[in-house]
Amino acid sequence: MAIEVDHVSKRFGDFVALENVSITVGDGALTALLGPSGSGKSTLLRIIAGLERPDSGEVVIGGEDVTQAPARTRGVGFVFQHYAPFKHMTVHDNVAFGLSVRKRPKDEIRGRVEELLGLVRLDGLAGRYPSQLSGGQLQRMALARALAVQPQVLLLDEPFGALDAQVRAELREWLRRLHEEIHVTTIFVTHDQEEAMEVAEQIVVMNRGRIEQAGAPRELYESPSNEFVMSFIGPVNRLGDAFVRPHDIQILAESDGTGTEALIERVVHLGFEVRVELKLHDGRELWAQVTREVANELELREGQILSVRLPAPRVFAS
Amino acid sequence: MSSSDAGALSIPGPAGAARVSDRGSAGAPPAAAGARASRRRQLGARVIALGYLALLLLAPVAMIFYRTFEHGISPVINAATTPSATHAFWLSLEIVAIAVPLNTAFGIGMALLLERGRFWGKSILGVMIDLPFAISPVVVGLSLVLVYGKTGWLGDWLAEQGISVIFSVPGMVIATAVVSLPFVVRETMPVLRELGVDAEQAAETLGASPWQTFWRITLPGIRWGVVYGVVLTTARALGEFGAVSIVSGRIEEQTQTLPLFVQDRFENFDSTGAYTAAVVLALLALATLLAMNLLTRLTRRKTEA
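Top to bottom, those sequences are chains A and B. Residues 39 to 356 in this note's numbering are what the first sequence lists, from first letter to last. Residues 9 to 313 in this note's numbering are what the second sequence lists, from first letter to last.
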């Protein structure tokens with residue numbers, strides 16, 4: 039189901055959490071709400087779920103105005119940041135909860151839970167308690183629990199925030215594939231731009247309770263509409279008012295007169311990527327991103343003085 | 009507290025440690041001496057704790073048991089089966105059976121209100137909940153007489169309706185409920201805070217009604233706090249003397265609870281009767297504690313293994 043958030047504002051005391059926010063999420067889309075902490079992204083997610091009421095504005099899910107509807111009638115699956123497991127229930131009972139409050143027949147519940155535990159790869163753990171599961175397993179249980187009631191919309195609040203790097207990468211990939219399989223309209227909140235770029239089809243960049251820009255990951259990266267988006271998505275060098283992407287800086291083998299002279303202060307090898315920290319002749323500092331091949335070919339080392347070509351810098355009207 | 013205060017407070021720790029190693033360096037290696045000193049300190053603390061308990065609690069209770077069964081079992085059985093003793097026993101249980109569920113329901117509701125609610129006067133309400141602990145039970149009894157007694161504020165109207173509160177069971181239930189009011193509230197609130205609202209909100213998004221959420225998520229989540237509160241409430245209700253003594257009128261075989269019966273027997277030089285009833289009271293309290301312990305173990309093993 040498509041989601042429309044129309045001119046929503048929300049305050050907590052003096053703090054403005056959301057100011058006149060509008061977004062549209064297409065049916066079946068996978069969208070990320072991306073922003074630093076305090077940007078209002080979680081509040082927006084909770085307003086869509088019905089866990090918070092907006093001070094003004096409307097929330098429309100599947101063409102129906104649900105602004106005043108309680109969370110339990112919205113048909114929304116919500117996965118909490120810390121999973122919110124029902125600690126006194128087994129994995130089976132956790133996943134079955136939504137069906138059992140709807141008083142579905144026992145056989146149907148058992149079948150559906152089994153199917154879901156298979157989907158999230160927790161088969162065989164139905165009898166365990168949440169305290170016996172790892173972070174990644176809890177996360178998948180929370181997801182199965184949310185999916186059990188066949189929600190029209192799936193909302194995830196920092197779904198991978200509390201997991202270690204490896205499990206995180208695995209789950210991201212898996213969430214993407216899951217979405218391809220079940221195609222439920224999904225919105226997830228994250229402060230990690232890489233995560234948003236990797237998983238989402240559409241990214242909504244938020245800052246201080248407002249939306250800075252919304253669009254496909256590539257669009258945001260290639261044509262950011264303002265300074266914030268430019269510096270929040272992808273690495274960036276700031277030269278006064280101008281911005282330059284590190285991979286757009288060309289290091290020249292031989293000075294041809296078109297470049298700027300620069301001193302290499304440090305070379306950091308990060309595997310395929312090599313990070314070259316430079317000081318320009320006018321004292322400005324920046325870093326360039328080159329591949330391992332280029333670094334080897336040019337025999338880059340500290341203290342070397344060479345010529346670099348800067349791309350046309352991007353300047354945003356303030 | 010300012011940061012400099014905190015700094016000053018942290019000094020005794022390191023200084024204390026230094027003293028221990030100073031003493032150690034006189035003879036044996038410092039580490040061994042330190043370990044021996046800490047073992048000695050531990051032993052000392054244990055002796056003091058046990059001695060304190062023994063003097064204040066174990067010895068008196070043991071004495072009661074000893075004096076009760078001093079002349080064998082048959083005088084005890086005789087004393088326990090007199091009509092006034094059995095009446096007192098059942099009356100005590102009756103009052104507990106009404107007051108404890110009342111306070112449990114009230115306590116859980118009040119804990120939810122104080123922990124989750126946002127309203128004006130919340131802190132005042134929080135203080136009021138503790139009043140029954142601060143006020144002497146005798147004062148509670150007297151104030152109930154002032155309100156519900158014949159000449160009292162509500163007593164007149166109640167008497168016209170044919171309801172007598174003072175000098176009868178309703179008044180005793182009220183007195184018992186008042187003095188044991190804070191236990192469930194105070195034991196439940198911290199557990200409720202720890203539980204948080206995430207699980208409840210998760211239940212809500214899964215389609216649970218507020219009622220279903222309370223019974224299936226909140227209550228199981230706070231059950232240990234509630235159980236502990238109920239046990240304390242029960243123990244307090246069983247043993248209540250002061251407030252009940254005033255509102256009951258202490259009429260034998262009518263408004264005499266077990267504690268009142270103990271005092272009555274004691275004043276009438278029937279020590280066997282007094283001791284027997286005291287032992288019954290102690291056993292009831294013990295049974296409550298054991299029941300809680302058993303319950304805790306059974307379910308905890310299941311969820312936290």
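All residues carry an ideal CB built from backbone N, CA and C; glycine is no exception.
Give the single residue among A:283, A:349, A:103 and A:278 whose Cα lies nearest to the Cα of residue 262 of chain A. A:283
Output yes or no for whether 7 Å exceeds the beta carbon distance between residue 199 of chain A and residue 119 of chain A. Contact flag set, yes.
Quick one: Cα of residue 216 of chain B to Cα of residue 137 of chain A, how far? 10 Å
Alpha-carbon to alpha-carbon, residue 168 of chain A and residue 281 of chain A: 48 Å
Within its chain, find whatever has a CB closer than 7 Å to the CB of residue 181 of chain A; leave out the 5 residues flanking it on each side and keep chain order. If we look at residue 181 of chain A and ignore the five residues flanking it on each side, its Cβ neighbours are 117 and 158.
Using the Cβ count rule (16 or more neighbours within 10 Å means buried), how would you classify residue 231 of chain A? buried
Determine the DSSP secondary structure at residue 193 of chain A, reduced to helix, strand or coil. In the structure shown, the three-state DSSP call for residue 193 of chain A is strand.
Whole runs of the alpha helix (DSSP H) within the region 73 to 157 of chain B, excluding any shorter than 4 residues: Runs of the alpha helix (DSSP H) inside the region 73 to 157 of chain B: 82 to 88, 91 to 124, 130 to 142 and 145 to 156.
Tell me which residues of the region 210 to 230 of chain B have at least one Cβ-Cβ distance to chain A shorter than 8 Å, keeping chain order. Listed by position along the chain: 210, 211, 212, 213, 214, 215, 216, 217, 220, 224, 225, 228 and 229.
Is residue 39 of chain A helix, strand or coil by DSSP? coil
Does the beta carbon of residue 270 of chain A sit closer than 7 Å to a beta carbon anywhere in chain E? No chain E is present in this structure, whose protein chains are A and B.
is_contact[residue 62 of chain B, chain A] using C-beta, thresh 7 Å: no
Ordered along the chain, which non-local residues of its own chain (more than five positions away) have a Cβ less than 6 Å from that of residue 240 of chain B? 191
How would you call residue 100 of chain B, buried or exposed, if buried means at least 16 neighbouring beta carbons within 10 angstroms? buried
For the region 177 to 190 of chain A, which residues have a beta carbon sitting closer than 9 Å to at least one beta carbon of chain B? 180, 183, 184, 186, 187 and 189
Where the region 74 to 97 of chain A meets chain B: residues whose CB sits under 7 Å from a CB there: Answer in chain order: 87 and 89.
Return helix, strand or coil for residue 25 of chain B, following the three-state DSSP convention. Note on residue 25 of chain B: pLDDT 39, under 50, position unreliable in the model; no value is reported.
Residues near residue 167 of chain B in its chain [Cβ-Cβ closer than 8 Å; skip 5 each side]: 158
Assumed close pair residue 6 of chain B, residue 283 of chain B - CB separation to whole angstroms, cut-off 8 Å: Because chain B is modelled from 9 through 313, residue 6 of chain B falls outside the range shown and cannot be assessed.
Can you round the beta-carbon distance between residue 245 of chain B and residue 143 of chain B to whole angstroms, since I take them to be within the 8 Å contact cut? Not a contact, Cβ separation roughly 17 Å.
I'd like to know whether the C-beta of residue 226 of chain A is nearer than 7 Å to at least one C-beta of chain B. no
Given a cut-off of 7 Å on the beta-carbon distance, is the pair residue 91 of chain A and residue 104 of chain A in contact? Contact check for residue 91 of chain A against residue 104 of chain A fails: the beta carbons are separated by 7 Å or more.
Can you give the beta carbon distance from residue 316 of chain A to residue 324 of chain A, rounded, assuming they're within the 8 Å contact cut? 6 Å
Could you give the residue range of the beta strand (DSSP E) that holds residue 170 of chain A? Run containing residue 170 of chain A: none; DSSP gives neither H nor E here.
Using the DSSP secondary-structure output, state which residues sit across from residue 326 of chain A in a beta bridge. A:314
Which of helix, strand or coil DSSP assigns to residue 125 of chain A: coil
Of the residues B:195, B:251 and B:232, the one placed nearest residue 302 of chain B, counting alpha carbons only: B:232
Between the C-alpha atoms of residue 53 of chain A and residue 57 of chain B, what's the straight-line distance to the nearest angstrom? 52 Å
Where does residue 33 of chain B land, buried or exposed, given buried means 16+ other C-beta within 10 angstroms? Note that residue 33 of chain B scores 43 on pLDDT, short of 50, meaning its location in the model is unreliable; the coordinates nonetheless yield the value given after this. Exposed, because fewer than 16 other Cβ atoms sit within 10 Å of the Cβ of residue 33 of chain B.
Name, in chain order, the residues that DSSP records as bridge partners for residue 70 of chain A. A:226 and A:241
Apart from the five residues on each side of it in sequence, which residues of its chain come closer than 8 Å, Cβ to Cβ, to residue 309 of chain A? 330
Quick one: which chain A residues come within Cβ less than 9 Å of residue 45 of chain B? The contacting residues do not exist; residue 45 of chain B stays about 39 Å from chain A at best.
Spatial distance of residue 98 of chain A from residue 41 of chain A (CA atoms): 6 Å
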